[in-house]
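Peer 1: The structure is given below, and queries will be raised subsequently.
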Ligand SMILES: *Cc1c(COP(=O)(O)O)cnc(C)c1O
């Protein structure tokens with residue numbers, strides 16, 4: 452009985468979240484240094500961070516903004532997405548991907564996914580291209596790049612922009628090419644659950660200088676120069692040429708970003724090691740299926756998503772979720788397909804049945820802890836617990852209304 456109470460109410464002291472930041476002394480020192488410098492925002496560290504991200508990805512230009520959502524919004528604006536313009540995307544993403552289209556009064560057109568990878572299916576994209584289509588928004592779900600060769604071909608054939616929402620995929624590669632060079636513009640987020648963090652933060656990389664220029668203006672109210680440029684040329688004059696926003700990233704955040712980026716190779720290595728351990732740990736468990744990783748990609752593992760056949764495994768997802776919490780394991784679900792959210796249903800008339808494969812996948816997915824602050828013991832604990840719970844479920848299948856039946860006695 453006490454076990455039940457703990458499973459539902461009191462998380463154990465050592466809790467493993469599905470994602471979190473990893474900061475060390477060098478990161479903290481970088482932030483302390485900037486606090487004692489002349490600029491807290493729009494100082495030299497913004498350019499340094501932008502140049503470091505451009506270098507890392509191999510893209511020509513990088514523009515730092517307040518967060519990943521602002522980055523997506525800025526791209527939609529810079530590409531001229533306007534009222535009624537259609538942008539094709541997968542619903543298996545965070546709502547922000549679609550919201551950015553709507554900020555510009557565009558129309559998100561949801562296409563179904565490949566059930567093996569949960570990535571956008573280029574054949575389904577081709578079917579949805581209309582005279583109103585302006586762009587394809589590819590989401591590198593979980594950290595695996597989409598099929599960019601196929602998407603590029605479609606974009607060229609139809610004169611569309613190709614945008615990459617690579618908030619999951621910093622450091623990923625496709626056929627030996629880095630994410631950041633595979634689309635007309637690529638967006639990253641530096642939220643604490645992502646590969647590197649600035650608290651809140653985002654970046655757009657692109658090879659198009661005119662696009663980069665528009666993005667810089669958009670993040671600064673639509674004004675054509677910033678204060679340092681005016682100081683350098685000794686003038687007070689500026690023009691506001693477009694309606695922009697204050698989407699700037701601060702120097703404090705950029706200092707953290709520069710420091711974190713140096714550690715990215717190490718972070719990616721840890722994520723790959725955890726993924727390999729999960730792969731081995733669940734290889735013999737018939738209830739747990741990993742997503743397919745294409746042989747030609749380097750996966751960045753923002754998420755580690757497994758599919759569990761809840762119908763035949765005797766497990767109930769809500770119950771499994773609670774049992775895992777009781778064991779200090781913060782599983783999660785990424786994502787509720789965007790077209791099923793009430794806002795999209797009432798605004799765009801989307802409904803169940805629009806993307807049946809994504810809807811079916813949603814019923815079976817679970818994101819396991821995956822982050823650079825996780826150690827080997829944490830990883831083994833997740834594997835052992837999940838294997839044990841799925842084994843117990845085969846013996847005591849749901850629906851077991853008396854939850855104690857599915858709780859192993861020692862938990
Ligand atoms: C995190 C994320 C965003 C939004 O980034 P924020 O920095 O939180 O605004 C957008 N798209 C995807 C796929 C994301 O994972």
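Residue numbers (the numbering used here): 452 to 862.
A virtual CB, placed ideally from N, CA and C, is assigned to each residue, including glycine.
For a test of the three-state rule: what should DSSP assign to residue 686, helix, strand or coil?
Peer 2: coil
Peer 1: Please determine if the region 565-578 and the region 721-728 are in contact, where contact requires at least 3 C-beta pairs separated by less than 8 angstroms.
Peer 2: no
Peer 1: Report the three-state DSSP secondary structure of residue 468 (helix, strand or coil).
Peer 2: Reduced to three states, the DSSP call for residue 468 is coil.
Peer 1: Taking residue 609 as the reference, give the member of 749, 578, 756 with the closest Cα.
Peer 2: Closest option to residue 609, Cα to Cα, is 578.
Peer 1: Using only the heavy atoms of ligand 1, determine whether one of them is closer than 8 angstroms to the beta carbon of residue 640.
Peer 2: yes
Peer 1: State yes or no: is the C-beta of residue 507 within less than 9 angstroms of the C-beta of residue 712?
Peer 2: yes
Peer 1: Please state the DSSP three-state secondary structure of residue 717.
Peer 2: helix
Peer 1: Using alpha carbons as the reference points, say which of 469, 581, 542 lies closest to residue 807.
Peer 2: 542
Peer 1: Would you give the residue range spanned by the beta strand (DSSP E) that residue 780 belongs to?
Peer 2: Where residue 780 is concerned, there is no enclosing beta strand (DSSP E), given that its DSSP letter is neither H nor E.
Peer 1: Here's the rule I'm using: 16 or more other beta-carbon atoms within 10 Å means buried, otherwise exposed. How should residue 478 be labelled?
Peer 2: Buried, because 16 or more other Cβ atoms sit within 10 Å of the Cβ of residue 478.
Peer 1: Pick out whichever of 665, 798, 755 has its Cα sitting closest to the Cα of residue 559.
Peer 2: Comparing Cα-Cα distances from residue 559 to each of 665, 798, 755, the minimum goes to 798.
Peer 1: Which of the three DSSP states is assigned to residue 792 in this structure?
Peer 2: coil
Peer 1: Applying the criterion that 16 or more other CB atoms from any shown protein chain within 10 Å of the CB defines a buried residue, is residue 509 buried or exposed?
Peer 2: exposed
Peer 1: For the 8 angstroms Cβ check, are there 3 or more pairs between the region 637-656 and the region 674-688?
Peer 2: As far as the Cβ criterion goes, the region 637-656 does not touch the region 674-688, which means the pair count is below three.
Peer 1: Relative to the C-alpha of residue 697, which candidate in 795, 571, 518 has its C-alpha closest?
Peer 2: 518
Peer 1: Residue 656: beta carbon under 8 angstroms from a heavy atom of ligand 1?
Peer 2: no
Peer 1: Return the chain-ordered ranges of every alpha helix (DSSP H) run that is complete within the region 577-632 and spans a minimum of 4 residues.
Peer 2: 599-609
Peer 1: Start and end of the beta strand (DSSP E) containing residue 540?
Peer 2: In the DSSP assignment, residue 540 falls within the unbroken beta strand (DSSP E) covering 537-540.
Peer 1: Apart from the five residues on each side of it in sequence, which residues of its chain come closer than 6 angstroms, Cβ to Cβ, to residue 667?
Peer 2: 514
Peer 1: Mind checking if residue 737 is an interface residue toward chain D, Cβ cutoff 9 angstroms exclusive?
Peer 2: The structure shown has no chain D; it contains just one protein chain.
Peer 1: My parser needs the beta strand (DSSP E) runs of 3 or more residues fully inside the region 626-712; what are they?
Peer 2: 636-640, 653-657
Peer 1: Report buried or exposed for residue 396, applying the criterion of at least 16 other Cβ atoms within 10 angstroms of its Cβ.
Peer 2: Outside the modelled stretch of the chain, which goes from 452 to 862, sits residue 396, for which no answer is possible.
Peer 1: According to DSSP, what are the bridge partners of residue 571?
Peer 2: 564
Peer 1: Thinking C-beta only, is residue 670 closer than 9 angstroms to residue 699?
Peer 2: Yes; because the gap between Cβ atoms is below 9 angstroms, this pair is in contact.
Peer 1: Any idea which residues DSSP pairs residue 558 with across the strands?
Peer 2: 537
Peer 1: Verify the contact flag: residue 618, CB atom, against every heavy atom of ligand 1, threshold strictly below 8 angstroms.
Peer 2: yes
Peer 1: Residue 876: buried (16+ other C-beta within 10 angstroms of its C-beta) or exposed?
Peer 2: The structure shown does not extend to residue 876, since the chain is modelled only from 452 through 862, so no value can be given for it.
Peer 1: Does the distance from the C-beta atom of residue 642 to that of residue 751 stay below 9 angstroms?
Peer 2: no
Peer 1: Leaving out the 5 sequence neighbours to the left and right, which residues in its chain are closer than 6 angstroms to residue 864 when beta-carbon positions are compared?
Peer 2: No answer is possible for residue 864: it lies beyond the span of the chain, which begins at 452 and ends at 862.
Peer 1: Give a single yes or no on whether residue 509 has its beta carbon closer than 8 angstroms to a heavy atom of ligand 1.
Peer 2: no
Peer 1: Checking the sheet assignment: what are the DSSP bridge partners for residue 739?
Peer 2: 759
Peer 1: With contact counted as at least three CB pairs below 8 angstroms, one residue from each stretch, are the region 633-641 and the region 652-667 in contact?
Peer 2: Inter-segment contact for the region 633-641 and the region 652-667 is present: three or more beta-carbon pairs are separated by less than 8 angstroms.
Peer 1: Between the region 684-696 and the region 533-542, can you find at least three pairs of beta-carbon atoms closer than 8 angstroms?
Peer 2: no
Peer 1: Would you mind working out which of 719, 780, 783, 739 sits nearest residue 766, comparing C-alpha positions?
Peer 2: Taking only the C-alpha atoms, the option nearest residue 766 is 739.
Peer 1: At the level of alpha carbons, what is the spacing between residue 591 and residue 744?
Peer 2: 12 angstroms
Peer 1: Can you tell me which of the three DSSP states residue 836 falls into?
Peer 2: helix
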